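Quick note on my numbering: the sequence shown kicks off at 2 and runs consecutively.
Beta carbons are placed, not taken as given, at the ideal position from N, Cα and C, and that holds for glycine.
Since the structure is predicted, the reported quantities are computational estimates derived from the model, not experimental observations.
Okay, so here's the structure we're looking at.
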Amino acid sequence: MNVDSRFFAERKWAYKGEGNAHVVLASHDGFVVRLLKNRRDGQISRRSQDAVKYYNIVGPQFIDPSYLPEMRLVTVPKDFFGVVEDVCRKQRPDYRLDTNIAMNATATVMPDVCFVRERSRISEVKKLGNIAQMKDKTIPTFCVEIKPKCGYLPNPASSSEINDIRRRICYFCLLQYTKEKIDRWKNRSQYCPLDLFSLDLDRIKKALSALMYSPQNNFRIFKDGILIYEDDSAYESLDTILHEWFSNSKNSCKNLGATTENFREIIARILVSDQACGTIDINGKQSVNSNCILNQILCAQRLGETDIEDIYPLFLKLEHEMTKSKTVAEAMQQLECFDSASWKYLNVVALAEIENDVEETIRKIQQFLVTASFKDCSLMISVRPNKASISNAIQGRKSSLHYDYSVMLIDLDIKDISRIRKYMKLIKEVSKSYMERAEIPYKVCK
């Protein structure tokens, strides 16, 4: 039995969740495996090999590597898919059942970032051995998963009623009216990504409150790796869920209503810190660091700052020309060749230095697709009370309660060039839905 086969056979696996492209299983000892799904058009999603290359080449160009858990490619033994079927049966949500897990030969493995990780342990996935994590069953670890979405307003070149709206209202807020129209969620979310990315602590806490109240697909909470709060959870249950977290603290909240506020304060402080792993004092002074993970993501989202309305005609032109020109077709291939220099230096080569019109167009499309990846990534913020400070509090020593934490960026996935057509269609549909249903005067995101 080879190393990869032993890796799958020797572990107990549980369903963790899924997105549009992957189903995620977690092992009992700190790993997650991401299995590809068949797309709705019947095709298998982009190969795992490409996913690993893309993640390892693109991610570190914009994000401090300490925020990026290591991803490894593994060969999936055929008999493991029987385990997958057993594990996923009755666990997958109904709205995901229209896509099946692909019987693909490869998958990706990462550490389970639902647990607090030490900086020195971040790259242990290479060994496929046990990952050392801060697990103490007497102290629960909570992990918040946030999908931040796009944190700025676009500035399309042309003037139209739709574009006038897009300059004032972010895509996430526009989309809420479409979701309401099709009864996707019970409530319209009051979350605005511009609040989260503002680097203002009060606005960040406002964003977190909105996510807690209406999680949708953008906010989940895990306790010791188990999902306990998601889109269909009752907001009223959150204080009770979190209460035990503060129960051993000298600052423990006698009134349940304060626990959510404390939790929100902790997460906000972590998001504006400049460390992927560390310890935070909930009562200490907290400065907002310009190199925090939120700002790193926002800078990546703004790469090139080319709007979909500008990219779409370029895409159509290339699509037309590649059927006639071998040169254009060959140039287009670099969008799928992640070893090429154009992918390795995304943020270095200025467009003005590219003389060839085709190369310049491809460069713009390439940058646009990268920004789309960062608009759809997730943050995993794992937190647990520091054991030493709990001991001090229990013994009556005067000290503030500290929290150990780690922050990891995940779901940085490739966006196919074919999505450009879909993005353009969605922008029009979402904007029209907003105009049909929104109250006048329209809201403004800022």
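Residue j beta carbon less than 8 Å from that of residue i
i, j, result
"residue 374", "residue 415", "yes"
"residue 438", "residue 181", "yes"
"residue 410", "residue 68", "yes"
"residue 222", "residue 117", "no"
"residue 219", "residue 325", "no"
"residue 378", "residue 63", "no"
"residue 195", "residue 447", "yes"
"residue 48", "residue 108", "no"
"residue 302", "residue 65", "no"
"residue 110", "residue 88", "no"
"residue 58", "residue 429", "no"
Buried versus exposed, by CB contacts within 10 Å (16 or more), residue i
i, result
"residue 295", "buried"
"residue 274", "buried"
"residue 98", "exposed"
"residue 104", "exposed"
"residue 23", "buried"
"residue 56", "buried"
"residue 338", "exposed"
"residue 280", "exposed"
"residue 119", "exposed"
"residue 199", "buried"
"residue 5", "buried"
"residue 112", "buried"
"residue 183", "exposed"
"residue 397", "With a pLDDT of 45 at residue 397, under the threshold of 50, the modelled position of that residue is not reliable, and no figure is offered here."
"residue 156", "exposed"
"residue 172", "buried"
"residue 286", "exposed"
"residue 237", "exposed"
"residue 1", "Here the chain covers residues 2 to 447 and nothing more, so residue 1 does not appear."
"residue 106", "exposed"
"residue 366", "buried"
"residue 216", "buried"
Opposing strand residues paired with residue i [DSSP bridges]
i, result
"residue 403", "282"
"residue 57", "Answer by DSSP bridge pairing: none, since residue 57 is not bridged."
"residue 378", "Answer is none; residue 378 lacks a bridge partner."
"residue 146", "221, 381"
"residue 28", "14"
"residue 230", "222"
"residue 23", "37"
"residue 108", "75"
Given residue i as reference, the closest of the options once Cα atoms are compared
i, options, result
"residue 445", "193, 49, 236", "193"
"residue 11", "115, 293, 32", "32"
"residue 348", "332, 314, 306, 288", "306"
"residue 92", "74, 16, 106", "16"
"residue 283", "292, 50, 7, 270", "270"
"residue 50", "300, 73, 345", "73"
"residue 21", "235, 413, 345", "413"
"residue 424", "407, 376, 107", "376"
"residue 30", "18, 8, 171", "8"
"residue 263", "402, 164, 389", "402"
"residue 187", "234, 27, 163", "234"
"residue 417", "443, 96, 52", "52"
"residue 169", "388, 80, 154", "154"
Contact set for residue i: own chain, Cβ-Cβ below 6 Å, skip 5 residues either direction
i, result
"residue 433", "none"
"residue 101", "39"
"residue 176", "431"
"residue 343", "335"
"residue 359", "329, 332"
"residue 123", "Its pLDDT being 49, under 50, residue 123 is placed unreliably in this model, and the coordinates cannot settle the point."
"residue 385", "117, 140, 142, 405"
"residue 114", "70, 381, 409"
"residue 189", "177, 181"
"residue 191", "211"
"residue 163", "432"
Spatial neighbours of residue i in its chain, beta-carbon cut-off 7 Å, leaving aside the 5 residues before and after
i, result
"residue 239", "213, 230, 261"
"residue 257", "Caution is warranted here: a pLDDT of 47 is assigned to residue 257, below 50, making its placement in the model unreliable, and the coordinate value is therefore given only provisionally. 240, 241, 244."
Beta-carbon contacts of residue i that lie in its chain and below 8 Å, excluding the five residues immediately before and after
i, result
"residue 265", "206, 209, 210, 213"
"residue 369", "305, 307, 309, 312, 421"
"residue 43", "For residue 43, the predicted structure reports a pLDDT of 49, less than 50, and the residue's modelled location is therefore unreliable. A value from the coordinates is still provided. For residue 43, where only same-chain residues beyond five positions count, there are no Cβ hits under 8 Å."
"residue 242", "222, 224, 229, 230"
"residue 121", "Note that residue 121 has pLDDT 48, beneath the 50 cutoff, so the model's placement of it is unreliable and the number below is only indicative. So no residue of the chain qualifies."
"residue 362", "315, 318, 319"
"residue 159", "310"
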